[in-house]
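**Student:** Shown below is the structure under consideration.
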């Protein structure tokens, strides 16, 4: 089950699972970009901040798969940029509902299904961000939510024994969020500039996070648990 | 897959080093192994080569480099792991032990990466991997090893900056059933009633668990990983409130 399955990093993760032969219940609001995924993709229209809606989505596992779930991924989110001076209670609630509460409640609604997993090796992946490890004064809500999510992920590793729980912190990936607020020419320039800041010399393609999730959900990674894994081309440790 | 990639592994005679050599060979790599001799080397096949080298001596390292250069012309993967242990109390330490720990844990990876950098630069996607115990982030735990292993963790990020575009990552292993595992940890886990309160994954790790991650980091699938420190500890240190390792 993947929340935020319809674009960006979540869509790449969904494509990876479909290519590797999994069946995916994909939560999202707009399924224009998922028509190529075939019969093993089960779209479920869901706003993850609407908790009744989220619970209905999670209960699809009961209805369709006898209550058995192997992997839960929450990749739903948007960039949220507020400074200490322009924050409002509504913006605060929006950010925490979308970026934190949805993960906490999705875990609550899914954990019993994960314990029923056919292969007895269930995994929860929370998509966090290197924003969790940086201090950006104009992104107070985003950073706070993501660092809380990392903590929550660790709390779950101990609190849900038998389920592996890992958070991933992607750095600069070329996703629609990234291109949304810029013209194609600006996007190109920023991509080029970002390459100079990143030791690996480039931004990453969304498919590269699919490769990581594939590894983390396999038996190869069965002893990786309770940690946050950053995939950022080395940017965070070098950024000045 | 690591088809025809050339890999150098230090500490190859012990648990994690040997498990990683086996895994790399299985994935199609050619492996040059450095470390204490182990009779299992005889069964590793033609793609494994044991090279006798004191990795704390730069002359020896230069000879190793010349050998790799002549025979293969390139190095795709450099993986180091210290095969010695330095335990004991602060009150009992002496200068020689400090020097030995420094040499084996820190000097060796620094000199190896320095001398092999040019051969790594010839690879299309070189990967340098330093394996060390994540207990480095725990106070009072094998303090001498921890001091140098923490320095090695920092060297990962320093080397990333200077070795561009060669990628450099660290693998931090937890309580693994190998020569690093302290008897008291093993006994404590055996006696623990609720295993998950000590290790969320409810088991000790194996050398293969670490070899799996070493394989992922050598593979092209992880090509955007750089300057990363990745734990493989079942959650023991990463969720431990007393460990600085819980920030990973």
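Residue numbers (this note's numbering), protein chains in the order written: chain B, 160 to 399; chain Y, 7 to 254.
The beta carbon of each residue, even a glycine, is placed where N, CA and C say it ideally should be.
#1: Would you be able to state if there are at least three C-beta pairs under 8 Å between the segment 179–188 of chain Y and the segment 126–146 of chain Y?
#2: With three or more C-beta pairs closer than 8 Å as the rule, is the segment 205–223 of chain Y touching the segment 106–121 of chain Y?
#3: Taking the alpha-carbon positions, what's the residue 313 of chain B to residue 385 of chain B distance?
#4: Look up residue 363 of chain B in the DSSP assignment and say whether it is helix, strand or coil.
#5: Taking Cβ positions only, does residue 374 of chain B come closer than 9 Å to chain Y?
#6: So for residue 204 of chain B, helix, strand or coil by DSSP?
#7: Of all the CB atoms in chain Y, is at least one closer than 9 Å to the CB of residue 359 of chain B?
#8: In this structure, does DSSP put residue 193 of chain Y in helix, strand or coil?
#9: If you drop the 5 nearest sequence neighbours on each side, which residues of the same chain put their C-beta closer than 8 Å to that of residue 308 of chain B?
#10: Taking only beta-carbon atoms, is residue 396 of chain B less than 9 Å away from chain Y?
#11: Once the 5 residues before and after residue 155 of chain Y are set aside, which same chain residues still bring their CB inside 7 Å of it?
#12: Any chance the segment 219–231 of chain B sits against the segment 262–272 of chain B, with 3 or more Cβ pairs inside 8 Å?
#13: Under a CB-based cut-off of 9 Å, is residue 386 of chain B close to chain Y?
#14: Using 8 Å for Cβ pairs, my map puts residue 8 of chain Y next to residue 52 of chain Y. What's the rounded Cβ distance?
#15: Measure the C-alpha to C-alpha separation of residue 175 of chain B and residue 232 of chain B and round it to an integer number of angstroms.
#16: Using a C-beta to C-beta distance shorter than 7 Å, which residues of chain Y count as neighbours of residue 316 of chain B?
#17: Per DSSP, which residues does residue 39 of chain Y bridge with? Please list them.
#18: Going by the CB atoms, is the gap between residue 151 of chain Y and residue 92 of chain Y shorter than 9 Å?
#19: To the nearest angstrom, report how far apart residue 211 of chain Y and residue 210 of chain B are at their CA atoms.
#20: Leaving out the 5 sequence neighbours to the left and right, which residues in its chain are closer than 6 Å to residue 55 of chain Y when beta-carbon positions are compared?
#21: Under 9 Å between C-beta atoms, does residue 63 of chain Y make it to chain B?
#22: I'd like to know if residue 21 of chain Y contacts chain B, where contact means its C-beta is closer than 9 Å to some C-beta of that chain.
#23: Give a yes or no on whether 9 Å exceeds the smallest Cβ distance from residue 231 of chain Y to chain B.
#24: Does any residue of chain B bring its CB to less than 9 Å from the CB of residue 194 of chain Y?
#25: Near residue 374 of chain B, which residues of its chain fall below 6 Å by C-beta distance, leaving aside the five closest residues on each side in sequence?
#26: Can you have a look at residue 160 of chain Y and say buried or exposed, based on whether 16 or more other CB atoms are within 10 angstroms of its CB?
#27: Taking only three categories from DSSP, how would you classify residue 127 of chain Y?
#28: When we look at the beta-carbon of residue 187 of chain B and count the other beta-carbons within 10 Å, is it buried (16 or more) or exposed?
**Tutor:** The relevant details are as follows:
#1: yes
#2: no
#3: Here residue 313 of chain B refers to the residue found at position 154 of the first chain. Here residue 385 of chain B refers to the residue found at position 226 of the first chain. Residue 313 of chain B and residue 385 of chain B: Cα-Cα distance of roughly 5 Å.
#4: Residue mapping note: residue 363 of chain B aligns to position 204 of the first chain, counting from 1. Of the three classes helix, strand and coil, the one that applies to residue 363 of chain B here is strand, per DSSP.
#5: Position 215 of the first chain, counting from 1, holds the residue named residue 374 of chain B. Closer than 9 Å to some Cβ of chain Y, the Cβ of residue 374 of chain B qualifies, so yes.
#6: For the purposes of this step, residue 204 of chain B is taken as residue 45 along the first chain, with counting starting at 1. Here residue 204 of chain B sits in strand by DSSP.
#7: The residue given as residue 359 of chain B occupies position 200 in the first chain. So yes, residue 359 of chain B belongs to the interface.
#8: As a first step, residue 193 of chain Y must be located in the second chain, where it is residue number 187. Of the three classes helix, strand and coil, the one that applies to residue 193 of chain Y here is helix, per DSSP.
#9: Along the first chain, read from residue 1 onward, the residue named residue 308 of chain B stands at position 149. So the list reads 258, 259, 262, 285, 287, 291 and 326, once near-sequence residues are dropped.
#10: Here residue 396 of chain B is taken as the residue at index 237 of the first chain, counted from 1. Residue 396 of chain B counts as touching chain Y.
#11: By 1-based counting over the second chain, the position of residue 155 of chain Y is 149. Closer than 7 Å at Cβ, skipping near neighbours: 111, 138, 139 and 142.
#12: yes
#13: Reading the first chain from its first residue, position 227 is the one you call residue 386 of chain B. Yes - at least one Cβ of chain Y is within 9 Å of the one on residue 386 of chain B.
#14: As a working note, residue 8 of chain Y is residue 2 in the second chain. As a working note, residue 52 of chain Y is residue 46 in the second chain. Between residue 52 of chain Y and residue 8 of chain Y the Cβ distance is about 16 Å, and since that is not below 8 Å, they are no contact.
#15: Within the first chain, the letter at position 16 stands for residue 175 of chain B. Within the first chain, the letter at position 73 stands for residue 232 of chain B. Rounded to the nearest angstrom, the two C-alpha atoms are 13 Å apart.
#16: As a position in the first chain, residue 316 of chain B is number 157, starting the count at 1. Within 7 Å Cβ-Cβ: 206, 241 and 245.
#17: To locate residue 39 of chain Y, count along the second chain from 1; it is residue 33. Paired residue(s): Y:15 and Y:56.
#18: The sequence position of residue 92 of chain Y within the second chain is 86, counting from 1. The sequence position of residue 151 of chain Y within the second chain is 145, counting from 1. Against a cut-off of 9 Å, the Cβ pair of residue 151 of chain Y and residue 92 of chain Y comes out as a contact.
#19: In the second chain, the residue the question calls residue 211 of chain Y occupies position 205. In the first chain, the residue the question calls residue 210 of chain B occupies position 51. C-alpha separation (whole angstroms): 38 Å.
#20: The count along the second chain starts at 1 and reaches residue 55 of chain Y at position 49. The answer, listed in chain order, is 38.
#21: By 1-based counting over the second chain, the position of residue 63 of chain Y is 57. Chain B contact via Cβ: absent.
#22: Against the second chain, residue 21 of chain Y aligns to sequence position 15. For residue 21 of chain Y, the answer is no, since every Cβ of chain B falls outside 9 Å of its Cβ.
#23: In the second chain, the residue the question calls residue 231 of chain Y occupies position 225. It does: the Cβ of residue 231 of chain Y has a partner Cβ on chain B nearer than 9 Å.
#24: Along the second chain, read from residue 1 onward, the residue named residue 194 of chain Y stands at position 188. No, residue 194 of chain Y lies away from the interface with chain B (no Cβ there is under 9 Å from its Cβ).
#25: Indexing the first chain from 1 puts residue 374 of chain B at position 215. If we look at residue 374 of chain B and ignore the five residues flanking it on each side, its Cβ neighbours are 380.
#26: Indexing the second chain from 1 puts residue 160 of chain Y at position 154. So residue 160 of chain Y counts as exposed.
#27: In the second chain, counting from the first residue as 1, residue 127 of chain Y sits at position 121. Of the three classes helix, strand and coil, the one that applies to residue 127 of chain Y here is helix, per DSSP.
#28: Here residue 187 of chain B is taken as the residue at index 28 of the first chain, counted from 1. The residue in question, residue 187 of chain B, is buried, as its Cβ has 16 or more Cβ neighbours within 10 Å.
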